[in-house]
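Novice: Okay, so the sequence shown: first residue is 16 according to the numbering used here, each after it adds one.
Note that CB positions come from ideal geometry on N, CA and C, so glycine has one too.
Input: one structure, supplied below.
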Amino acid sequence: MRRILLLCILLSFSTIAQDKGDLVFIYDAPNEYNRVTQELYFNKGLEKYKEYLNRKFVFPFNVTVHFTDCANENAFYSNGKITICYNYIKTKYERVRQNLIDSKVVGHEKLEREAVLGIATLTLGHELGHGFADFHQMPFTGKEESAVDEFSLMTFLDYKEEPKDVRSFYGVIAWFYSGVNETKSMGFQRYASAHAPSLVRYYDLLNLYYDSGIGQDYRSLLIEGYPSKPWQMPRSRVSYSSGEYEQKKKIWSRLLSPYLNPNLSEKTLGDPLYKKPEGKHHVISQEHLYGSTSKAKIGLALNVSGFGVGERPIVNDESNESGRIVFEITVDDIGNIIGARSKESTVSQKVVELYKQAVFKMKLVPKSDNVPSTSKGIITFNIKHQ
Ligand SMILES: [Zn+2]
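Okay, here's the thing in structure tokens:
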């Protein structure tokens, strides 16, 4: 009898984990009606992602995710259960929203919705990662907190449905605003915490996001330009860590292979009824982040051997000057503009400066893998104000 039991135990350990449960959401009616409770409680905005996680992974039992009001802002995993406090998401969201307002994107309902859902999605993934470390004994090295950040973003980036590009953008950038807040009161002890400082977590996630190649609309926003913004990634990090996403993808697919649903196919990862919307959906662009749009008609001509124009630059030109500017530019092998000098212009220095800033935010597209480490060429702007 004993021997049989032992054999059973051995057998059960030698097989891949069995799917004996699901993520199950439990919602408490919130005390407050706000953007966050509207999206999470009233619109049930994370249900589809939950279904995806249930299709993708096996669970040893039902793992409840409890959305609720809490005295303290928090989200945590404990004893097979996840708790997500409405106010935890709300604080993170409010910081992001403040930035949308400062950047004059007020009332952009759809973006606000994506911001809430992006933050909540990455939070859910983070806590689920703690769950995997516990009930699946998923291996990891380094800080568990940073490992589950990665788990969360990598899992979400595998989601076949849109709009993961904009949601993950907000989920990631929320860490920046948490970090800015945190640095105001950081003592030595903060560096000893099991949680890496939020800004470290931010730049690590940002690098994966950027390197994954998703979110083309946002990518050029995220890299240090001129003048650089603190939330932008320094080019030095981008070049040091390029290829990190592919590397992490291999690592995570090995780490997670025992917990993947064996009946999983590429098709079942997405929503079978989902159709990609035609054309561009909600896009956050330079004009959103940098202020008002330009009334100028801007013609652009590029002459750099081996490169094409990627996204057109958006210039915040509120002048009334029409004319022409020619820049001599230097491009690195992945299309970043690393130098720009105005060769000739028929507009004021102030306007030249404006366009120069836009040039530094551009990213050119190499036409082959064989471009030199730096190339020189010309960009010409023809500006017409009505
Ligand atoms: Zn955590």
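Please classify residue 375: does DSSP put it in a helix, a strand, or coil?
Specialist: Correct three-state label for residue 375: helix.
Novice: Determine which residues share a DSSP beta bridge with residue 35 and list them.
Specialist: Per DSSP, none; premise fails for residue 35.
Novice: Verify the contact flag: residue 91, CB atom, against every heavy atom of ligand 1, threshold strictly below 8 Å.
Specialist: Yes; taking the cut-off as 8 Å, the Cβ of residue 91 has a heavy atom of ligand 1 nearer than that.
Novice: Where does the unbroken alpha helix (DSSP H) through residue 207 begin, and where does it stop?
Specialist: That run of the alpha helix (DSSP H) goes 203 to 207.
Novice: What span of residues does the beta strand (DSSP E) with residue 98 cover, start to end?
Specialist: Taken as a continuous stretch (DSSP letters only), the beta strand (DSSP E) holding residue 98 covers 96 to 100.
Novice: Whose CA, out of 350, 143 and 166, lies closest to the CA of residue 238?
Specialist: Out of 350, 143 and 166, 350 has the C-alpha closest to the C-alpha of residue 238.
Novice: Could you give the residue range of the beta strand (DSSP E) that holds residue 340?
Specialist: Per DSSP, residue 340 belongs to the beta strand (DSSP E) from 338 to 347.
Novice: Under the DSSP definition of a beta bridge, which residues are partnered with residue 359?
Specialist: Answer is 341, bridged to residue 359.
Novice: Can at least three beta-carbon pairs, one atom from the stretch 175 to 192 and one from the stretch 218 to 225, be found at a separation below 8 Å?
Specialist: Touching, yes.
Novice: Return the chain-ordered list of same chain residues with a C-beta closer than 8 Å to the C-beta of residue 391, the five sequence neighbours on each side being excluded.
Specialist: Hits under 8 Å: 319, 343, 344, 345 and 346.
Novice: Relative to ligand 1, is the shortest distance from any of its heavy atoms to the C-beta of residue 81 smaller than 8 Å?
Specialist: No.
Novice: Closer than 8 Å is the cut-off here; do at least three beta carbon pairs connect the stretch 160 to 175 with the stretch 138 to 145?
Specialist: Judged by Cβ distances under 8 Å, the stretch 160 to 175 makes contact with the stretch 138 to 145, as three or more pairs qualify.
Novice: Assuming residue 331 and residue 400 make a contact with CB atoms under 8 Å, what is their CB distance in whole Å?
Specialist: So it is not a contact: roughly 14 Å between Cβ atoms.
Novice: In three-state DSSP terms, what is residue 145?
Specialist: Note: residue 145 maps to helix in three-state DSSP.
Novice: Taking the Cβ atom as the reference point for each residue, do residue 134 and residue 79 lie within a distance shorter than 9 Å?
Specialist: Result no, Cβ atoms of residue 134 and residue 79 do not sit closer than 9 Å.
Novice: For the candidate residues 193, 99, 93 and 117, whose alpha-carbon lies nearest to that of residue 148?
Specialist: Nearest of 193, 99, 93 and 117 to residue 148, Cα basis: 93.
Novice: Would you tell me roughly how many angstroms separate the C-alpha atoms of residue 373 and residue 279, rounded to the nearest one?
Specialist: Residue 373 and residue 279: Cα-Cα distance of roughly 45 Å.
Novice: Quick one: grab the DSSP three-state call for residue 162.
Specialist: Three-state result, residue 162: helix.
Novice: Considering residue 312, what are the terminal residues of the beta strand (DSSP E) in which it resides?
Specialist: Residues 312 to 318.
Novice: Should residue 181 and residue 126 be called a contact, given that it needs their Cβ atoms to be closer than 9 Å?
Specialist: Contact: yes.
Novice: Under the criterion of a Cβ to heavy atom distance below 8 Å, does residue 163 qualify as lining ligand 1?
Specialist: Checking the Cβ of residue 163 against ligand 1 gives yes.
Novice: Just to check my reading of the structure: residue 217 and residue 194 have Cβ atoms closer than 8 Å, yes? What is that Cβ distance to the nearest angstrom?
Specialist: Rounded, the Cβ-Cβ distance is 5 Å, consistent with contact.
Novice: Taking residue 198 as the reference, which of 136, 109, 97 and 245 has the closest Cα?
Specialist: For residue 198, the nearest C-alpha among the options comes from 245.
Novice: Identify the residues that DSSP records as bridge partners of residue 400: which are they?
Specialist: In the DSSP output, where bridge partners are listed per residue, residue 400 has none listed.
Novice: Report yes or no: do the stretch 148 to 159 and the stretch 96 to 107 share at least 3 C-beta pairs separated by less than 8 Å?
Specialist: They do not touch, by the three-pair rule.
Novice: By a C-beta neighbour count over all protein chains shown, 10 Å radius and 16 as the cutoff for buried, is residue 54 buried or exposed?
Specialist: Flag for residue 54 reads buried.
Novice: Is any heavy atom of ligand 1 found at a distance shorter than 8 Å from the C-beta of residue 159?
Specialist: Residue 159: yes, Cβ under 8 Å from ligand 1.
Novice: Say the cut is 8 Å; is the CB of residue 142 nearer than that to a heavy atom of ligand 1?
Specialist: Because some heavy atom of ligand 1 lies under 8 Å away, the Cβ of residue 142 counts as near it: yes.
Novice: Tell me where the alpha helix (DSSP H) around residue 191 begins and ends.
Specialist: Element bounds for residue 191: 179 to 198.
Novice: Quick check on residue 153: does DSSP put it in helix, strand or coil?
Specialist: Coil at residue 153, not helix or strand.
Novice: Throw me the rounded Cβ distance for the residue 72 and residue 397 pair, which I believe falls under 8 Å.
Specialist: Between residue 397 and residue 72 the Cβ distance is about 54 Å, and since that is not below 8 Å, they are no contact.
Novice: Are residue 76 and residue 60 touching if we call contact CB-CB under 9 Å?
Specialist: Cβ atoms of residue 76 and residue 60: not closer than 9 Å.
Novice: Residue 130 and residue 111 look like a contact to me (Cβ under 8 Å); what is the Cβ gap, rounded to whole Å?
Specialist: 5 Å between Cβ atoms; contact.
Novice: At a cut-off of 8 Å, is residue 145 close to ligand 2 when judged by its beta-carbon and the heavy atoms of the ligand?
Specialist: In the structure on display, ligand 2 does not appear, and the ligands it does have are ligand 1.
Novice: Check whether the Cβ of residue 210 sits closer than 8 Å to any heavy atom of ligand 1, and report yes or no.
Specialist: Yes, the beta carbon of residue 210 sits closer than 8 Å to at least one heavy atom of ligand 1.
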